[in-house]
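Note sheet for the following structure.
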C-alpha cells in the first residue's frame, strides 16, 4: 500500500518534471505553427503574440504559388529514399565486418573511414563538384544520391551496437556451416533491429535536411530539393517569415510521421534467449 | 585504437584457412562502403591536401606556396580566437548533453504513460530548421523585450546581455545547442537501451538489486558502447559547429562568436583565400584525429563490449 | 591484434599512390579561368538554337524575370534562357564553386563589391562590344551605377536596378508628439534635436533607429560630412580623417544617449525588421528596397530625404547582369545582357514593383506601387549619390571597419577612436 503511494508520487513527480522541461521544447514548434498563419503586419511585433491577429491560411497557398513546392517534395522523397536505403544496407554490412570479423588492416581502415566525419564539407566542395562534372552527374538524381550513400556515421554507430553482441553467436553459426553473409543476415540484422531502426531514421532525417551538397550539384529548379527550396524564402532585405515557416512546417510533417512510426520500434527490448 | 573484440581467444581454434576465409569475407563486406568512400571522399580529400599548400582564390589557378599557409595558421590570432571559442562551446556542450540525454532516455524508456508523446516533444527541436531555432531563441534572449530577462527583472536579479556579451554568449549558445541536440542523442540512447537483454535486469532483481544498483550494475556498463559512440561523434561534430552559432550571434556581417568552421567559411568563400581555409581545415582535421585517437585508446579502460 | 605489417603497408601505399594521383588529376581539372576572352573576339550570335542559363537570387523578382525572358524569346526565338534561382544566403558560395568547378551560369547577377574581384580574375566577359555603338546607351544610367561595373577601363556589366538611402518616419509618432515631419531642410542638428524630443523611454519609443548596416547608416554620414572611405587609389582607408571621425562621434552619441536602440537590442530585434515597422522607432535611415515591406505594415510610414551635413549625400548601389567568360555561348549571352539593359526589359522590371529599374525614366510604376509614400525622394537622391569604392580584395575591408564600428556603438571603444581603429583594421587587409 505504502509502496503503491510512493510509486504514484514518484510517477507524478516525473510527469511534472518532464512537462516543465517539455514546455520549452514545444515552444518553437507552437511558434512556427502560429507564425505561419500570421499576416505580414503581425510579423513586425516586438513581443510576438502566440495568437495571430487573424488566421491566414493563404500563407500555405502562397508557398505553392511562389515555388514549385510539389516538385521539391517529390525530389526530396526520391533522394531521401535512395540515400537512406543505400546507407542502411551498406553501413550495416560494413559495420558487421568491422565489429565481428577479423582481417588485417581492419582498425586502420575503420579509422580512415571515420576521418570522413572530421573535415568540414565546405573545403571539399570544389573537388567534389569537379568530380561530378567529370561524371556528368550535375543536375541528376544519381549526383544527389550516390555520393551520399557511404555513411561513416552509420558504420560507426552500427558497429558499436554489433560489438555488444557476443561473438559466441557468430562462432556457433559458423561451426554449423553458415558463412558470414548468412550470419549477418539471419542473426545480426534481427538482433540489431533497434539500432538499425534508429540509424535508418537518423539517416532519413539527415538526407531530408541535407543542404550544401544539394545546393552544389543542382542548379536547375526542377532538381531542387526541399531544404534549398526553403532557403529561397529568405530574402536579402526582407523575409516573409510566415510564408517561410508555412513551407518549413509542410516540409517537416513527413519527419514527424516518420518519427512516430520509428519510435514504436523502441518499445520492445531484445530478448537474447529467444534467439538461441 | 584496437578494441580487438575477443581477439585471439578463438583464433587458434578456427585455424589458418578459416581465418583467411574470414578475412576475405571481411573485405568483401566492407568493399562497397570503402570503394565509394574512396571515390567520393578520399580523392577530394587528397586534392584538398594538395591545395592546402597553395595560394588559391577559387577564381584563378592555384599557386604553390609550400608551407606558407601552415606557418600562417600557426601565427593566426583570429584562428586561435575561433579555436578557443569552439573548445569553450564543445566541452560543456558534450558533457551536459551526454548526461541530459541519458536521463531523458532512461525516463522515457520506462513504461511511463504518454511516453510516445514525450519522446516526440523532446525530439521536436531536432526537426526544426536552424533559422526558426535562431529566431525564437534570439527573441527569448532579447535583453529588452525577451521573456528571460523580464522574468529575471521581476525578481530583481541581474539581467545579462546574453548574446551580445562574448562571455554570456557562450553559455547562451551552449544552452541552445543542448536544447536542440539532446533529442538526437536520446534516440541513440533509446536504441542502446533496447539491446540490453531483459534477462539481465530480471537476474539483478532476483539478487535483490534496487533501482540504483540495477542502473549501476546493468544499465550503465551495457550502455558504455553507446556513450562512447556519442562522445566520439559529439566531439567530432561539435568541433565543427557553425550554422546555429552563426545564426545566433551575428550582427549584420560581423560575427560576435566566430567558430573554426565559420572562420574557414569566411576565409575561403568571403575573403577569397580558399587555399588558406583548406589548410585551417587540415589543422582542424588533425586535432579532431588526435582527440578521437585518444578516445579510442582510453576506451579499453571503461567501455564494456560483451 | 598483431597486424601483418608488411602486407598492410604495401596495400596502403598502393592505395595512397592511386588516390594521390587521382587527387592531383582532379586539381588539374580546375579550369584555368585566368585567360579572359575578349568581347571583340567573341563570335556574334548566329541565330542557332542554344540554351543559356541566368543565375540570380531574389525570389521576389522571379515573376518579373520570367516575364522578361518570355519577351526576350519573342525577339530571339532560338535562344532559350533557363532561369536558375539560388538562395540569397548561398549565392556567392554557389557562384564561386561553380566558376571554380568549370560549369557556371552563362549570365548572372553581381553586386558592385564583387565586380573587381571577378573581373580581375578573368571570370567575366567584357561587354564593351555591346555598349555605345554596340547598342546600349550608358547615358541612360546614373554615372555611379555605370562606374560600379567597369574595371580598369573595361565595362563588364550594365546596371539593372538601384537603391538609395532616405529617412523613413512614422507619422503617428510625430503627430502624437506634435512635431513637424522631416523635410529637405533638415540638418544633423535637426535630426538630433527631434530624436531627443521623440524618445520616450517609458512608452518604449526611440527617436532614431540607426541600423547596424553600413550602407544604411554611417557611410551616408561620412559622405555628408565631406569624408571618404578609401583613398583615391583605393589602397588605404581614410575613415580616420577628421570628417569621418566627426561622423562616428555624432552617430555614437545617439547610442550613448539611448536615442536609438542599443546594439544588444538590435541583435535580437533588427530595427528595420521589427522595431521601426512595429512603431517603437520614429525615424529610420533606410534603403529604397524597404518601401514595399513598409507599405504592408500597420504603422503609418512616409519618407523624406536624409538630413544633410556639410553637404547632401547618400550612398547608392545597384545590381548588374554580367557574363561568365567560360560559357559555351558568349554570343547569345551578350544578346541577353544587351536586351536586359533595354527599355522593354527595364519596363517589365519596373512594372513588377519588386525593384527600382536603373534605366532613366522608367521608375513611375515603382512609385505607383506605393502611392502613400513620397518615394520620389529615393530617385532624386541619385543626383547626390556616392558609390562605395570597390578594391580588388572584395569587401573584407568593409567588414573590418564594421567590426570596429559595432564595438564603438556598443560603447566598448571611445567614440573618438572609432575612425582611427577602423582605418587601421581595414588597412590590414587592403
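Protein chains in written order, with this note's numbering: chain A, 35 to 310; chain B, 1038 to 1343; chain C, 23 to 452. For every residue, glycine included, the Cβ atom is placed at its ideal position computed from N, Cα and C.
Local conformation of residue i per DSSP, three classes
{"i": "residue 1150 of chain B", "result": "coil"}
{"i": "residue 58 of chain C", "result": "Unreliable positioning characterises residue 58 of chain C in this predicted model, as indicated by a pLDDT of 48, which lies under 50. The coordinate reading is nonetheless provided below. Three-state result, residue 58 of chain C: coil."}
{"i": "residue 257 of chain A", "result": "helix"}
{"i": "residue 24 of chain C", "result": "With a pLDDT of only 36 at residue 24 of chain C, under the threshold of 50, the placement of this residue in the model should not be trusted, and no figure is reported."}
{"i": "residue 87 of chain C", "result": "helix"}
{"i": "residue 1044 of chain B", "result": "Note that residue 1044 of chain B has pLDDT 39, beneath the 50 cutoff, so the model's placement of it is unreliable and the number below is only indicative. Here residue 1044 of chain B sits in coil by DSSP."}
{"i": "residue 1262 of chain B", "result": "helix"}
{"i": "residue 259 of chain C", "result": "strand"}
{"i": "residue 65 of chain C", "result": "coil"}
{"i": "residue 177 of chain C", "result": "strand"}
{"i": "residue 60 of chain A", "result": "helix"}
{"i": "residue 344 of chain C", "result": "strand"}
{"i": "residue 209 of chain C", "result": "strand"}
{"i": "residue 394 of chain C", "result": "coil"}
{"i": "residue 146 of chain C", "result": "strand"}
{"i": "residue 152 of chain A", "result": "coil"}
Assumed close pair residue i, residue j - CB separation to whole angstroms, cut-off 8 Å
{"i": "residue 1064 of chain B", "j": "residue 163 of chain A", "result": "No, residue 1064 of chain B and residue 163 of chain A are not in contact; Cβ-Cβ is about 31 Å, not under 8 Å."}
{"i": "residue 278 of chain A", "j": "residue 264 of chain A", "result": "7 Å"}
{"i": "residue 281 of chain C", "j": "residue 229 of chain C", "result": "5 Å"}
{"i": "residue 1119 of chain B", "j": "residue 1295 of chain B", "result": "5 Å"}
{"i": "residue 199 of chain A", "j": "residue 222 of chain A", "result": "7 Å"}
{"i": "residue 145 of chain C", "j": "residue 416 of chain C", "result": "Incorrect: roughly 13 Å between the Cβ atoms, too far for contact."}
{"i": "residue 149 of chain A", "j": "residue 192 of chain A", "result": "So it is not a contact: roughly 18 Å between Cβ atoms."}
{"i": "residue 1101 of chain B", "j": "residue 1317 of chain B", "result": "Actually they do not touch by this definition, with Cβ atoms about 18 Å apart."}
Reference residue i; option with closest CA among the options
{"i": "residue 284 of chain C", "options": "B:1076, B:1251, B:1341 and B:1179", "result": "B:1179"}
{"i": "residue 71 of chain A", "options": "A:293, A:283 and A:295", "result": "A:283"}
{"i": "residue 133 of chain A", "options": "B:1143, B:1060, B:1133 and B:1157", "result": "B:1060"}
{"i": "residue 391 of chain C", "options": "C:112, C:415, C:315 and C:169", "result": "C:315"}
{"i": "residue 362 of chain C", "options": "C:352, C:244, C:100 and C:380", "result": "C:380"}
{"i": "residue 300 of chain C", "options": "A:75, A:43 and A:62", "result": "A:75"}
{"i": "residue 269 of chain C", "options": "C:287, C:249 and C:259", "result": "C:249"}
{"i": "residue 47 of chain C", "options": "B:1098, B:1054, B:1334 and B:1080", "result": "B:1080"}
{"i": "residue 291 of chain A", "options": "B:1297, B:1203, B:1154 and B:1066", "result": "B:1154"}
{"i": "residue 253 of chain A", "options": "C:422, C:109 and C:372", "result": "C:109"}
{"i": "residue 407 of chain C", "options": "C:413, C:85, C:336 and C:441", "result": "C:336"}
Residue i burial status per 10 Å Cβ neighbour count (16 or more: buried)
{"i": "residue 45 of chain A", "result": "exposed"}
{"i": "residue 287 of chain A", "result": "exposed"}
{"i": "residue 73 of chain C", "result": "exposed"}
{"i": "residue 1250 of chain B", "result": "exposed"}
{"i": "residue 274 of chain A", "result": "buried"}
{"i": "residue 56 of chain C", "result": "Here residue 56 of chain C scores only 45 on pLDDT, less than 50, and its place in the model is too uncertain to base an answer on."}
{"i": "residue 178 of chain A", "result": "buried"}
{"i": "residue 244 of chain C", "result": "buried"}
{"i": "residue 1134 of chain B", "result": "buried"}
{"i": "residue 39 of chain A", "result": "exposed"}
{"i": "residue 1132 of chain B", "result": "exposed"}
{"i": "residue 205 of chain C", "result": "exposed"}
{"i": "residue 209 of chain C", "result": "exposed"}
Sheet register partners of residue i (DSSP bridge)
{"i": "residue 1092 of chain B", "result": "B:1100"}
{"i": "residue 408 of chain C", "result": "C:337"}
{"i": "residue 326 of chain C", "result": "C:189"}
{"i": "residue 76 of chain C", "result": "C:105 and C:129"}
{"i": "residue 227 of chain C", "result": "C:222"}
{"i": "residue 305 of chain C", "result": "C:191 and C:230"}
{"i": "residue 1292 of chain B", "result": "B:1287"}
{"i": "residue 172 of chain C", "result": "C:177"}
{"i": "residue 153 of chain C", "result": "C:158"}
{"i": "residue 183 of chain C", "result": "C:379"}
{"i": "residue 252 of chain C", "result": "C:259"}
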